[in-house]
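Structure first, then comments.
Residue numbers (full-length UniProt numbering): 1 to 483.
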């Protein structure tokens, strides 16, 4: 999508035939005035002067002018009575000899010019918002709120005149706000399947425009060379909540499967807690597309038996028989961000409870070995995946050889072109280790994160994850999530 393409689309599809529009208006206005005059004569409570609103009067109409929105009750004159709408507005269909292509639709709604004040709970104008300007905000607040009979049992607030004032002069400096909005409306008109246009209405698109104006309040962000940027951004505002709903549906499907697997792992080996930590871009609210990847850390319960090691680091690897052994050639030094830890008390406790025997053994000497933890964890997850309830959805053959156990989950009714869902499960030690001075965090003189966030992060401490085959690695995923 670029400016050239959108400008051509605007010329070819959006701009109305001005002469046709003018002709339609010249036909409609006298009829509307006649109807309102008749209504006023029958009931003096209704004024003869209408409030003109709607896309035509806001100069955002995108197709031929076959609809007029005028806020007053209607009567049956020059109107096909059978076409009267059952909606809150009286929708009249007018046929005129000078209009040969289609009938003209008119919405007439009773409205009370209440001029009600904006209440604090409305949350408008929004605090610190830079759009609309203070002058425009004061103008709208002076107009205040009207009431319209949209509900059969009570009056509803109407912001239609406020919205019209908000659009008045919006492009006085030659910006492309209304042009962007007209393109969005035409795209909706062309692309929305028949019968689904009420799911995405013109009113929705008008509010999308207002949000975009608030998010990008400066005229420099609405110059004509930014047309494609603004249209793409407004499309994203529409898609984002749809993706959020889709993500919730995916999560509602995936989460019970993960809970079942973690429950099974815990029942087979009590050292793995039932509680998993939610990490990754979805839980940090950084996901920008369909959520088809989720990350969970499954906690290995070590209690308080953890401390920084002060001795010579020990490293471990697989031998030729795929058994974990201590290597005689340790790395020269532990890399930055890595560590080897010593544990006191917990291993004898495991041995006493006979939790650390055979294939369930996670240790060599006084060390809990990452390779052994990953091997044990993967074996238990593989067992869980083979259970009948899980096997229907999870491909056990897709278990990854990466540090995390990667599961591929597919919903039974998904189409062939829908990407399966990927879930990473990684064993983690909730170590709560203190930050060391050589980490150089928080950096001096930096104003972010706040002192409260820094305290919360330091109170949580650092955890350990079996990402490296030879030693435990520092895990800061929860720190990033808190930031």
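Virtual Cβ for every residue (Gly too), placed ideally from N, Cα, C. Remember, predicted model here, so these are calculated numbers, not experimental data.
- Annotation for residue 385: the continuous alpha helix (DSSP H) segment containing it runs 370-385.
- Proximity to residue 186 across 419, 357, 9, 466 peaks at 9, based on C-alpha coordinates.
- When DSSP states are grouped into helix, strand and coil, residue 293 belongs to the strand group.
- DSSP, read as helix, strand or coil, puts residue 245 in helix.
- Within the same chain, 162, 165, 166 come within 7 Å of residue 140 by CB-CB distance, once the 5 residues on both sides are set aside.
- Annotation: residue 202 to residue 236 spans about 16 Å, alpha carbon to alpha carbon.
- Under the Cβ criterion (8 Å, minimum of three pairs), the stretch 33-46 does not count as touching the stretch 213-225.
- With 16 or more other CB atoms across the displayed protein chains lying within 10 angstroms of its CB, residue 175 is buried.
- Residue 465 places its beta carbon less than 8 Å from that of residue 426.
- Sorting 411, 275, 217, 302 by C-alpha distance to the C-alpha of residue 253 places 411 at the top.
- For residue 156, the closest of 142, 183, 170, 89 by C-alpha to C-alpha distance is 89.
- Assignment of residue 147 by DSSP, reduced to helix, strand and coil, places it in the strand class.
- For residue 93, the enclosing beta strand (DSSP E) covers residues 90-94.
- Taking a cut-off of 8 Å on C-beta distances, the stretch 259-269 does not touch the stretch 232-250, as fewer than three cross pairs fall below it.
- The shortest CA-to-CA distance from residue 302 to any of 296, 349, 294, 256 is the one to 349.
- Ranked by Cα distance from residue 423, the options 191, 160, 404, 132 are led by 404.
- Annotation: residue 476 is outside any alpha helix (DSSP H) and is labelled neither H nor E by DSSP.
- Leaving aside the five residues that flank residue 407 on each side, the residues in its chain whose CB is nearer than 6 Å to its CB run, in chain order, 394, 423.
- Within the same chain, Cβ atoms closer than 6 Å to the Cβ of residue 145 are found at 116, 157, the five residues on either side in sequence being excluded.
- Residue nearest to residue 225 within the set 269, 177, 270 is 177 (criterion: CA-CA distance).
- Judged by DSSP in its simplified three-state form, residue 395 adopts strand.
- Taking a 10 Å sphere around the C-beta of residue 296, we find 16 or more other C-beta atoms and assign the residue as buried.
- The shortest CA-to-CA distance from residue 105 to any of 111, 112, 94, 114 is the one to 94.
- Around the beta carbon of residue 134, fewer than 16 other beta carbons lie within 10 angstroms, which makes this residue exposed.
- Pairing residue 299 with residue 268 gives a Cβ-Cβ distance that is not under 8 Å.
- The beta strand (DSSP E) runs lying completely inside the stretch 145-229 and spanning 3 residues or more are 145-148, 156-158, given in chain order.
- Between residue 3 and residue 228 the beta-carbon gap is near 5 Å, inside 8 Å, which marks them as a contact.
- Taking C-beta separations shorter than 7 Å and ignoring five residues to either side along the sequence, the partners of residue 113 in its chain run 146, following chain order.
- Within its own chain, the residues whose Cβ lies closer than 6 Å to the Cβ of residue 430, once the five positions on either side in sequence are excluded, are 299, 463, listed in chain order.
- Burial check for residue 222: the Cβ neighbour count within 10 Å reaches 16 or more, so the residue is buried.
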